[in-house]
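Contents: one structure, followed by commentary.
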Amino acid sequence: MAAATSVVVLDRGNNTTCTINLHGATVVSWRVNNQEQLFVSKQAVFDGKKAIRGGIPFVFPQFGAWTFGPPHGFARIVRWNVEKSPERLSSGDVEAIFSIMDSEFTRSMWNYPFKLTYRLILREKELHFNIGVYNPSKDHTFSFNLLLHTYFKVPDVRRCQITGLHGCTFIDKTRDNQIFQEGRDVVTVCEWTDRIYQNTQPEHIITNVVSGRKMRVQKYNFPDTVVWNPWQEKARDIPDFGDDEFPNMICVESGHVSSPVILLPGTAFEASQILQEDMAEAQGEQPQMGMLRREAGASGQELGGRGYRHVKTRRRSENNNGVEFKCVGAGESLYSDRRSVPDESSSSTGENVSNSIPKAWRIVSDHSGQRQCLVSECVFGGLSWRTSLVRGPPHVNHPGF
Numbered sequence: 001m002a003a004a005t006s007v008v009v010l011d012r013g014n015n016t017t018c019t020i021n022l023h024g025a026t027v028v029s030w031r032v033n034n035q036e037q038l039f040v041s042k043q044a045v046f047d048g049k050k051a052i053r054g055g056i057p058f059v060f061p062q063f064g065a066w067t068f069g070p071p072h073g074f075a076r077i078v079r080w081n082v083e084k085s086p087e088r089l090s091s092g093d094v095e096a097i098f099s100i101m102d103s104e105f106t107r108s109m110w111n112y113p114f115k116l117t118y119r120l121i122l123r124e125k126e127l128h129f130n131i132g133v134y135n136p137s138k139d140h141t142f143s144f145n146l147l148l149h150t151y152f153k154v155p156d157v158r159r160c161q162i163t164g165l166h167g168c169t170f171i172d173k174t175r176d177n178q179i180f181q182e183g184r185d186v187v188t189v190c191e192w193t194d195r196i197y198q199n200t201q202p203e204h205i206i207t208n209v210v211s212g213r214k215m216r217v218q219k220y221n222f223p224d225t226v227v228w229n230p231w232q233e234k235a236r237d238i239p240d241f242g243d244d245e246f247p248n249m250i251c252v253e254s255g256h257v258s259s260p261v262i263l264l265p266g267t268a269f270e271a272s273q274i275l276q277e278d279m280a281e282a283q284g285e286q287p288q289m290g291m292l293r294r295e296a297g298a299s300g301q302e303l304g305g306r307g308y309r310h311v312k313t314r315r316r317s318e319n320n321n322g323v324e325f326k327c328v329g330a331g332e333s334l335y336s337d338r339r340s341v342p343d344e345s346s347s348s349t350g351e352n353v354s355n356s357i358p359k360a361w362r363i364v365s366d367h368s369g370q371r372q373c374l375v376s377e378c379v380f381g382g383l384s385w386r387t388s389l390v391r392g393p394p395h396v397n398h399p400g401f
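So the sequence shown is numbered by UniProt numbering: it starts at 1 and just counts up by one.
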C-alpha cells in the first residue's frame with residue numbers, strides 16, 4: 001500500500017471509512033461496518049507512476065486509447081491536491097475535496113487550461129461523488145470524456161445482476177465496436193465483457209455484491225454506463241491483475257464517454273454519483289441527489305452567476321406547452337417556476353435548447369431568499385436535455401462544488 005503521506009482517510013466511525021490515494025485521487029477502499037465494498041487487485045502497483053488497478057480510478061480527459069497520452073487520460077496518474085481536508089459535518093458525515101489544474105505535464109498532451117474538483121462525502125452506508133470541470137479560458141472551447149471506473153468487490157461475478165440497462169443500445173468492444181440493443185431485464189456477466197451502454201437509467205442495482213447484498217448506483221449527468229470484466233482470457237494479458245481475480249470483481253462505471261462533453265470558455269460542467277450499500281437494509285434513508293447546491297448570504301443577494309447547483313426538473317403536464325423547473329437542495333424542494341417552451345418539433349434533436357428557452361439561466365430562489373440556484377436541465381415532450389453552461393469558476397471552499 002502507498003505511504004501514509006500519499007493517502008487521505010475519511011472516517012465516519014463504526015468501522016466505516018473511505019481511503020483516497022492522492023495518486024489519481026483514486027478511492028482505494030470503502031468500508032461499511034468494516035466490510036470492503038471495492039476490489040483492488042493484489043498485483044496493483046503503488047509506485048506513483050502507474051494507474052492503480054482497482055478501487056475507483058478517475059478517467060479524464062480521454063476514455064480508452066489516446067493518441068496524445070496514456071489510455072484513459074492523465075487524471076488517474078497525476079498527484080491531486082487536497083483542497084479541503086476531511087471534515088465532519090453536522091450530520092456526522094465526513095467530506096473532503098480534491099483538485100487538479102493544468103500543468104506543464106498535462107499541457108504536453110492536452111494543451112488547455114482547466115480546473116477539476118472532486119468532492120467526496122462519506123455517509124453511514126453511502127459514498128457521494130460530486131465533480132466539477134471548469135474551463136477558465138476566455139477564448140478556447142475544449143471537449144473531454146469523464147468516467148468513474150468503479151471496481152466493485154463481489155464473491156462471484158457470475159451471480160451478479162445489473163438493472164437499469166434494458167432497452168439501451170451499447171457499443172460492444174469485444175465485437176469490433178458493433179452496436180447492439182440490450183434485451184435483458186437484468187444484465188449478467190459470464191464471459192469477457194466490455195460494453196458502453198448509452199443513455200442509461202439514472203439508477204442501477206447490482207445484486208450479490210459483498211455478503212450477497214445489493215449496491216445502488218445513482219448518477220447525474222453521466223449518460224453512459226460501462227460494464228467490464230476481463231474474464232480469464234484477458235486477465236492473463238494484464239500484468240497488474242491476477243489471472244484468478246476476475247470472478248471477484250465487476251466494473252459498473254458511470255461516465256460521459258460515448259460522446260464528448262463540450263465546454264465553452266468560462267463555463268463549468270458538473271456530474272455526481274452516489275453509491276449506497278445494502279439498499280434492502282437502508283429503506284428508511286434514500287440517497288439525496290440534490291447535493292450540489294450553493295447557499296447565498298443572509299441578505300439573499302444574487303450570486304452573480306457563481307453558484308451552481310444540482311437541479312432536477314419534472315414535467316407538470318402531459319402536453320408540450322410547458323416545463324416545471326424545480327430546484328432541489330439536500331432533499332428540500334425550493335421554489336418552482338413554470339414557463340413556456342417551444343413545440344417539441346422545433347428542437348427535436350435537442351440542439352440549441354438553451355436558445356429555445358432564453359431565460360433558462362434565470363436565478364430562482366425560495367421565498368426566504370436564502371438559497372438560489374440555476375436551472376441546468378429542461379424536460380418536455382418526453383425528452384431531456386442537460387446543459388453544462390454553468391457560469392463562473394468552481395469554489396472549493398464551500399461544499400457545493
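Beta carbons: idealized from backbone N, C-alpha and C, even for Gly.
Query	Result
Three-state secondary structure assigned by DSSP to A271	strand
Buried or exposed by the 16-neighbour rule on C-beta atoms within 10 Å, applied to I20	buried
Nearest neighbour of T169, chosen from R184, R159, N248 and W228 [CA to CA]	R184
Spatial distance of S29 from V40 (CA atoms)	8 Å
Helix, strand or coil at I20 [DSSP, three-state]	strand
Bridge partners - W30, DSSP secondary structure assignment	C18
Nearest-angstrom Cα separation, counted from D240 out to I100	26 Å
P86 vs L10 beta-carbon contact at 9 Å	yes
Residue(s) in a DSSP beta bridge with L38	F152
Expected contact under 8 Å - CB spacing of C190 and R158 to nearest Å	6 Å
Beta-carbon proximity of I206 to Q161, cut-off 9 Å	yes
Which of helix, strand or coil DSSP assigns to K276	According to the sequence shown, residue 276 is Gln rather than Lys. Three-state DSSP puts Q276 in a strand.
Helix, strand or coil at P260 according to DSSP, with G and I counted as helix	strand
Whole alpha helix (DSSP H) elements within the region 49-121, 4-residue minimum	104-107
Rounded separation between I131 and G255 - CA only	11 Å
Pair within 9 Å by beta-carbon distance, Q62 and R53	no
The region 106-121 contacting the region 222-236, beta-carbon criterion three pairs below 8 Å	no
Runs of beta strand (DSSP E) lying entirely within the region 190-253, each at least 3 residues, in chain order	193-197, 203-206, 215-220 and 224-229
C-alpha gap between W192 and V226, whole angstroms	13 Å
With 16 other Cβ atoms within 10 Å as the buried cut-off, status of I250	buried
Beta-carbon gap between P265 and T141 smaller than 9 Å	yes
Within-9 Å CB hit, I171 to chain D	No chain D is part of this structure, which consists of one protein chain only.
I77 versus F152 - alpha carbon distance	21 Å
Neighbourhood of G69 by C-beta distance below 6 Å, restricted to the same chain and skipping five residues each side	M109
Under the three-state DSSP convention, the category V45 falls into	coil
Member of Q201, T106, R79 and E124 whose CA lies at the smallest distance from the CA of N33	E124
Pick from T267, S6 and V7 that is closest to D139, judged by C-alpha positions	T267
Distance between beta carbons of G164 and E203, contact taken as under 8 Å	6 Å
Contacts around D47, its chain only, beta-carbon distance under 6 Å, and the 5 residues preceding and following it disregarded	none
Coil, strand or helix - V186 by DSSP	coil
Cβ-based neighbour list, V7, same chain, cut-off 6 Å, excluding 5 preceding and 5 following	T19 and N21
Paired residues, beta bridge with G13 - DSSP	T16
Whole-number beta carbon distance between E253 and L116, since they are thought to touch under 8 Å	Between E253 and L116 the Cβ distance is about 18 Å, and since that is not below 8 Å, they are no contact.
Candidates R216, P247, E245 and N221: closest to Q276 by CA position	R216
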